[in-house]
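Input: a single structure, listed below in structure tokens.
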Amino acid sequence: MISRQHSGISLVSFAFTLIAILIQPASASEVSEPNLTSDKQDFVENVAPLLVQQPVNQVVKVTGVKLNSTNTGIELVLQTSLGEALKPVAKTEDNSFIADIPNAVLQLPDGKEFRSENPAKGIVSVTVTALDTSSIRVTVIGEASSPKVELFDDPEGLVFGFTPVPSSQAQTQPTPPQQPGNETQPEQPAAQSDEPIELVVTGEQDGYSVPDASTATKTDTPLRDIPQSIQVVPQQVIKDQQITRITDAVRNVSGVTVQRDIDNTIDSYNIRGFTTNNFLKDGVSVPFALINPSPYNIEQVEVLKGPGSVLYGQLEPGGIVNYVTKKPLSEPYYSGEIAIGNYDVIPSIDISGPLTEDKRLLYRFNAAYQYSDSFVDFVNQKSFFISPTLTYKIGDATTLNLSYNYTNTDAVYDPGLPSDPKSLDAPRNRFLGEPNSDGKIHTETHSIDLNFTHRFNKHLEFRSTFSTALQNSDNGSGIFRVASLQPDGRTVTRDFAKDIGDIEVYSLQNNLIADFNTGSIQHKLLFGVDWTKLNALQPGLRAGQAQTPPPGTVVAPIDLFNPIYGAPAPTVFDGYSGAGNTIGGTFVNTVGIYLQDQVTLLPNVKLLLGGRYDFVNNASTVQPIDQNFNTLGESTRNESYSEGFSPRIGIVYQPIEPLSLYASFSQSFVPNTGRSRSGEVFEASRGTQYEVGIRAELLDRRLIANVAAYEITKTNVLTSDPEDNSFSIAAGEVTSRGLEFDLSGKILPGWNIIASFFLNDAFISKDNSLPEGDKLTGAPSQGGSLWTTYEIQSGNLQGLGFGGGVFFAGNRDVTLPNTFKIPSYGRFDAAVFYRRDNWRVGINFKNLLDTKYYESTTFGDIRPAAPFTLLGTVSVSF
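Residues in the sequence shown are numbered consecutively from 30, following the numbering used here.
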């Protein structure tokens, strides 16, 4: 089948004040909208030779039933972690669709069966009943005829999509509606009158609401059961906003700010005040930000906020971003798109389907080429991406998945602008490099992921993932870089760099997941062991940094407001402040062991307990090199060892079904490298977070809302040694506290929304050299976003849609001590699109009002953001 002295925030009082606002009882939940394309006659013609009852190997517990509205009808979700094990046998009788599932047992929280009367126009009733102790029946009665149906593969369970058939298309006379309140179980129709149908399986679903995610627990867990803030940006948002740089997707999430990379290839994030350039890909930690994944291979982006060390090891306490990639589909799917704008040209394809008749071997292939002509003078970028993936279903309980990703990027280096208020007066297209030099950064990345899954029985599952990524980068003949702005307010000093980078990352992750009961208490136990190895070498030559530059090393300055190009590149390299040119090496080996238990104490009380122990070996080397990158002399090696325990505990209380109240405590672990003045190894930096929140499913569960309040304290931050400021000690402390709000889903049929708002106060709470109370760099004190689309559902204009939104970020400090802030901004976007059959055309207007605003980097320089941008797209899928 196809996750100081400032006034504090009272976290607990805030959370419970909002209960009255968010409580809205409901009876159904929104997941995603299916794309229903098949009709009833297709089902009948194709099913007879194909529909054969599967052997039943296990009895699956269906623990919940949800009914959701879609653009074309409704969808019914049978909630279970073993959705693929359900074996429905489907048929029609008069106006009824009937699916018997012979290997399932209905165990709803209230102990009753499910019934919904008149859930949508054209559908009379939906019932889910127990036929006997090991089988379930799903019955859907249409007004004019049996509804059209598709079956979806979804992490939440088995999903049926139903579309009512209008009277004009009906082949049979309508069945009289059942009387409300009639609880009699439907009688079994006679076998001779049944006509079996084929359930068409689809992998593509629409919608802004995602009810579960795996990032927070490494298991498929409903968001409502997770005692930590996690938001999901689904595929439909990525498409509707026409995101061409996947990091922009997190603008839809509260507390997260993009920090542009100085090489125009690798972005980082500021999450709850803390900068992180690590991320996850399909739940596997990448300890070095290799390169931005292509948005054309991403199914959804999951953002776990707060410490994630309990599952993923060495991470900053602000949070982590997980890119979930597209997986092979069991039915043929072909899609192509061309996007053309005033800065971009991007053709892409996405094809998938089975390679064998038994559908045990599946494939998916994504490819995209992107040419970007930047708004900054002389700057452009070309990138090419391919990703073939194979899934082999070795047996009913065993699956092997192999994927390969290749990215090739050539980008002209943009040195940005110096960190000075005068830079804000320069035009945003200002280029402070040299257009006649090579000035390009070439990056090539290969990554391979091998995933093996085996379910021993309905209670025990084993997962193993091996990943490797290899990256080579160089900046050709060298690049001119911005150093500082002189007191005259216009002369920009520059230096020159030539670099080669080689990075290798290997990781192995093994997880054992067990479901069992101790009396009336349910457990989902996760035991894991992972290993990661990082090798990184970066030879570098520098010129223009010495106090008294030798002949041949001078790098000419440039005027910020009247640049005159043509300065020659230096012919001699004097290294870092005259200290020589070097090969820098970084080598990290990590082993982590972790245990997690998701405990259901009562149907409405969930407990999450977890702990991880990390063992980390760090080594760094420095070796001199000559002008041709040849090594000179002996290398200097510095080694350190760290180990630490990272716990997490959280509780969820659900006073009513659509509302969750939660509280949690968690810690992070990040080793400090280097040594103190006395030669001692630094203790690891630890982050501690306390979080309370409310998660609610509103408007009949079509919307998911989350409100969170948190406080994070990070200790053992390296700060200057008061006895010798050329050394450091692990005595600093920083604090971040704030409030967040996120909302996503459907307001009405065709009307989607994703919105966020946050307040954050991230500051230095203890330091020997920096002023206490100074704000952390790159962390806005407030921000938010709103994006909404509406698609006309019927009539002559059916398929025509409109979208619009705003992205806001408060001012951000660029330097420590705080001397300069990037001003706040509000950017407005809009979109118009039209869907017809399997075609879609659209136009996206980004920065509609041509707002001039800036983004920061982790290195302290600033970068103007793009002006008004137009992007038109045409896509077809079948």
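For each residue, glycine too, the CB sits at the ideal point set by N, CA and C.
Every value quoted in this text rests on a predicted model; they were computed, and no experiment measured them.
Item                                                                                                                : Value
Burial state of S536, where buried means 16 or more other Cβ atoms lie within 10 Å                                  : buried
Residue of D406, K355, G370 and V408 minimising C-alpha distance to R393                                            : K355
Close beta carbons around K562, own chain, < 6 angstroms, minus the five adjacent residues each side                : Y535 and N618
L499 versus S476 - alpha carbon distance                                                                            : 6 angstroms
DSSP three-state assignment for A784, whether helix, strand or coil                                                 : strand
Contact check, R459 vs P586, beta carbons under 9 angstroms                                                         : no
Alpha helix (DSSP H) segment containing I267, residue limits                                                        : Q264 to D269
Three-way DSSP call (helix, strand, coil) for T880 in this model                                                    : coil
For S452, three-class secondary structure by DSSP                                                                   : helix
Where R666 falls, given that 16 or more other Cβ within 10 Å makes a residue buried                                 : exposed
Burial state of N97, where buried means 16 or more other Cβ atoms lie within 10 Å                                   : buried
For Y398, the first and last residue of its enclosing beta strand (DSSP E)                                          : L390 to D402
Residue range of the alpha helix (DSSP H) that includes V339                                                        : S338 to Y341
Nearest-angstrom Cα separation, counted from Q264 out to Q399                                                       : 19 angstroms
Exposure of A623, with buried meaning 16 or more beta-carbon neighbours within 10 Å                                 : The question names Ala, but residue 623 is Tyr in the sequence shown. So Y623 counts as buried.
Local Cβ density within 10 Å of K150, reported as buried at 16 or more and exposed below that                       : exposed
A860 beta carbon less than 9 angstroms from that of G828                                                            : no
Buried versus exposed, by CB contacts within 10 Å (16 or more), D842                                                : buried
Three-pair Cβ contact test at 8 angstroms for the segment 736 to 752 versus the segment 710 to 728                  : yes
First and last residue of the uninterrupted beta strand (DSSP E) at V905                                            : T898 to S906
Run of the beta strand (DSSP E) containing S154, from where it starts to where it stops                             : I152 to D161
Local Cβ density within 10 Å of V266, reported as buried at 16 or more and exposed below that                       : buried
R280 (DSSP reduced to helix, strand or coil)                                                                        : helix
Inter-stretch contact at 8 angstroms, needing at least 3 Cβ pairs: the segment 721 to 738 / the segment 760 to 774  : yes
Any 3 or more C-beta pairs closer than 8 angstroms across the segment 863 to 876 and the segment 342 to 357         : no
Below-9 angstroms beta-carbon distance, V313 vs any chain C residue                                                 : Among the chains in the structure shown there is no chain C, since it carries only a single protein chain.
Meets three-Cβ-pair contact criterion under 8 angstroms: the segment 790 to 805 and the segment 283 to 290          : no
Same chain, Cβ closer than 6 angstroms to N480, five either side skipped, listed in chain order                     : N430 and T494
DSSP beta-bridge partners of P383                                                                                   : L391
Limits of the unbroken beta strand (DSSP E) element including V681                                                  : T665 to Y682
Same chain only: Cβ atoms within 7 angstroms of D241, ignoring 5 sequence neighbours per side                       : P184, E185, D249, T250, P251 and L252
Contacting residues, own chain, Cβ-Cβ under 6 angstroms from P206 (five flanking each side not counted)             : Interpretation of P206 is limited by its pLDDT of 34, a score under 50 that renders its predicted location unreliable; no figure is taken from the coordinates.
Runs of beta strand (DSSP E) lying entirely within the segment 815 to 845, each at least 3 residues, in chain order : 829 to 838
CB-CB length for V339 against V350, believed under 8 angstroms                                                      : In fact, because the Cβ distance is near 17 angstroms, the residues do not count as touching under 8 angstroms.
F191 versus G365, P148, I550 and R166, residue with shortest Cα-Cα distance                                         : P148
Counted within 10 angstroms of its Cβ, other Cβ atoms place F414 as buried (16 or more) or exposed                  : buried
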